[in-house]
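Please read the structure below before turning to the comments.
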Amino acid sequence: MIQAKRDLLKALGEALRQAAPDADAFFTPVFEAPKQAAHGDLAVTAAMQLAKPLKKNPRELATALVAALQAQPAVQQWVSAVEIAGPGFINLRLKPEAKQSIVADVLSEGAAFGCQPATERKVLVEFVSANPTGPLHVGHGRQGALGDALCNLFETQGQQVTREFYYNDAGVQITTLANSTQARLKGLKPGDADWPESAYNGDYIADIARDFLAKKTVKADDREFTASGDVNDLDGIRQFAVAYLRHEQDLDLKAFGVRFDNYYLESSLYTSGRVEAAVQKLKDAGKTFEEGGALWLRSTDYGDDKDRVMRKSDGGYTYFVPDVAYHIAKWERGFVQCVNIQGSDHHGTIARVRAGLQAAGVGIPQGWPDYVLHKMVTVMKNGEEVKISKRAGSYVTLRDLIEWTSKDAVRFFLISRKADTEFTFDVDLALKTNDENPVFYVQYAHARMSKVMRDWTSERGGDLAGLSQAQLALLAAPSELTLMSKLAEYPDMLTQAALGLAPHDVAFYLRDLAGAFHSYYAAERFLVDDVELTRARVALLAATAQVLRNGLALLGVSAPDKM
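According to our numbering, the sequence shown is numbered sequentially starting from -15.
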């Protein structure tokens, strides 16, 4: 079906040139999915979109376009009917052989099905970026699921992807971490009269203190440090605590199946002189001014609602200034697209960071970088909201969710809604083994297909390696045609999801594909007396299982053969 769509797209372009010679200036040939499956397999809205600029009646334009389409060899080969609907919509109904060909496409391409050729386009995705002051919470988990899936999506489009983790290894929060650990080392605990009011109260602080006294060495992906054991060594306590929590974060991310290519420290922006260099660029461009002892950025010149303080009267920089320096560094490293995945509380920083990048005059295009902002996650367990983790002291951790359910459930659930929507993670639902649980519903489809294929090979002597010889023309049942049409949507879905920064589209698609299979399972028998029909149906199951595996792997979720 992939080849059929390519052929038909060329045919549409040629038909447009014949029916509307001036259309090239207004319209790029494209097929859409009909709003209702009963209307056909491919829809063309060209007549509706071109009518006004070409000053023609849409119905008349559609009639001319249909006549030109029907004369195209590709349409004659792949299309059974071309129909005009309403004021000028055009619907195409594909012949069964167009749909059947998708099975051979999937079986021949395997894990590469849906992927585009490699390009030189460099993309950086920054996500999680948790400061090392405590365990990763469920919000970090949502970032991890979104970011990793988006990186995988970009890779299916042939792009060179770098996964980056940015964090602050200095500042007030890190000072609080060091002071909290030192207080524990001195025998204090939350609730004591001398316990610092701003201290972190989670049990993990006591764990850090215990290992510091034991003079342990901790190794994280980006650092290693050995404790001195001296309770008065505040700088050593700080460095050990940061390394300890970075190690803990690495363990959580490994359990979650998320990896990073690079770790970037906020402190390096200062030690390398990048912050000062960025400020100097803004000054040299005439985009700053002094007022009230502070240095301001003229961010209103770039659409911000007010000018922003860059350097406070006490000499310290506001938090968006290192962000500007960091993004200039990203641009200088050759990334044509950068995506930041952050909580929705970062919404206010977008305008000022983009303003600073434009004002710096280093060639960064408007609207760069891209942002995916996510809402936080509410956790429900036993019908009640869970707000506190003993380990963290004030929030539910990512590790809690994984231990209560599974990595697969957490990954799928956290990617199953648009990032900018509120999400309730229902632990009880994630443990259900029925159709109510979306990850079970999808994984069970794969397990069902795997069992049929095992039975075919063990009971009927079937050979999976010979499925390429299946007579696909035998796949003509309505549920089979529906399933094959759904398989054919996969490559375009990946492309659109990558363009729209919408990894949740993959989860939506997988649920639809699983639904199409379950309907097929209920409607037809697979291991029938007709040997060739059986082989054709097993070929369709093998192709469907492959696409399910591909999509689940993109989300970081397993595709079990048995459940």
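Every residue, glycine too, gets a C-beta built ideally from N, C-alpha and C.
Item, Value
"CB of Arg105 within 9 Å of CB of Gln157, strictly", "no"
"Minimum length 3: unbroken beta strand (DSSP E) runs contained in the stretch 284 to 334", "292 to 295 and 321 to 327"
"Buried or exposed by the 16-neighbour rule on C-beta atoms within 10 Å, applied to Val323", "buried"
"Distance between Asp191 and Arg168 (C-alpha atoms, nearest Å)", "9 Å"
"Contacts around Phe396, its chain only, beta-carbon distance under 7 Å, and the 5 residues preceding and following it disregarded", "Pro422, Val423, Ala491, Leu539 and Val541"
"Any 3 or more C-beta pairs closer than 8 Å across the stretch 351 to 367 and the stretch 122 to 130", "yes"
"Collapsed DSSP secondary structure at Tyr425 in the structure displayed", "helix"
"Alpha-carbon to alpha-carbon, Leu(-4) and Ala52", "9 Å"
"Cβ-Cβ distance between Val112 and Phe138 below 9 Å", "no"
"Cα-Cα separation between Ala537 and Val202, rounded to whole angstroms", "32 Å"
"First through last residue of the beta strand (DSSP E) which encompasses Lys203", "Thr201 to Lys203"
"Residue environment, Pro116, which counts as buried when at least 16 other CB atoms sit within 10 Å", "buried"
"Start-to-end residues for the beta strand (DSSP E) that takes in Thr160", "Taken as a continuous stretch (DSSP letters only), Thr160 belongs to no beta strand (DSSP E), being part of the alpha helix (DSSP H) at Val156 to Leu169."
"One or two residues paired with Leu249 in a DSSP bridge", "Tyr151"
"Enclosing beta strand (DSSP E) for Ser64 [first to last residue]", "Val63 to Ala69"
"Exposed unless 16 or more other CB atoms sit within 10 angstroms - verdict on Leu483", "exposed"
"Validate contact between the stretch 518 to 531 and the stretch 441 to 448 using beta carbons, cut 8 Å, 3 pairs", "yes"
"Where Val14 sits in the DSSP three-state scheme", "coil"
"Arg432 versus Ala88: straight-line alpha-carbon distance, rounded", "21 Å"
"Which residues DSSP lists as bridging Glu369, in chain order", "Met364"
"Candidates Gly299, Gly186 and Val263, of which the one nearest Val308 by Cα", "Val263"
"Extent of the continuous beta strand (DSSP E) run through Ile386", "Ile386 -> not in any beta strand (DSSP E); alpha helix (DSSP H) instead, spanning Leu382 to Trp388."
"Contacting residues, own chain, Cβ-Cβ under 8 Å from Ala454 (five flanking each side not counted)", "Val87, Glu516, Arg519, Ala520, Val522 and Ala523"
"Start-to-end residues for the beta strand (DSSP E) that takes in Phe273", "Thr272 to Glu275"
"Counted within 10 angstroms of its Cβ, other Cβ atoms place Val320 as buried (16 or more) or exposed", "exposed"
"Arg432 (DSSP reduced to helix, strand or coil)", "helix"
"Spatially closest choice to Phe15 from Leu448, Asp6 and Asp(-9), by CA coordinates", "Asp(-9)"
"C-alpha gap between Val305 and Val346, whole angstroms", "16 Å"
"C-beta atoms of Val356 and Leu494 nearer than 9 Å", "no"
"Tyr303, buried or exposed, once every other Cβ within 10 Å from all chains shown has been counted against 16", "exposed"
"Host beta strand (DSSP E) of Arg77 (start-end)", "Phe73 to Leu78"
"Nearest residue (CA-CA) to Arg609, options Ala429, Gly186, Val436 and Ala35", "There is no way to answer for residue 609, as the model of the chain reaches only from -15 to 547."
"Residues that DSSP places opposite Phe409 in a beta bridge", "Val363"
"Three CB pairs or more closer than 8 Å across the stretch 448 to 468 and the stretch 380 to 387", "no"
"Spatial distance of Asp236 from Ala204 (CA atoms)", "12 Å"
"Tyr151 to Glu420 span [Cα, whole Å]", "38 Å"
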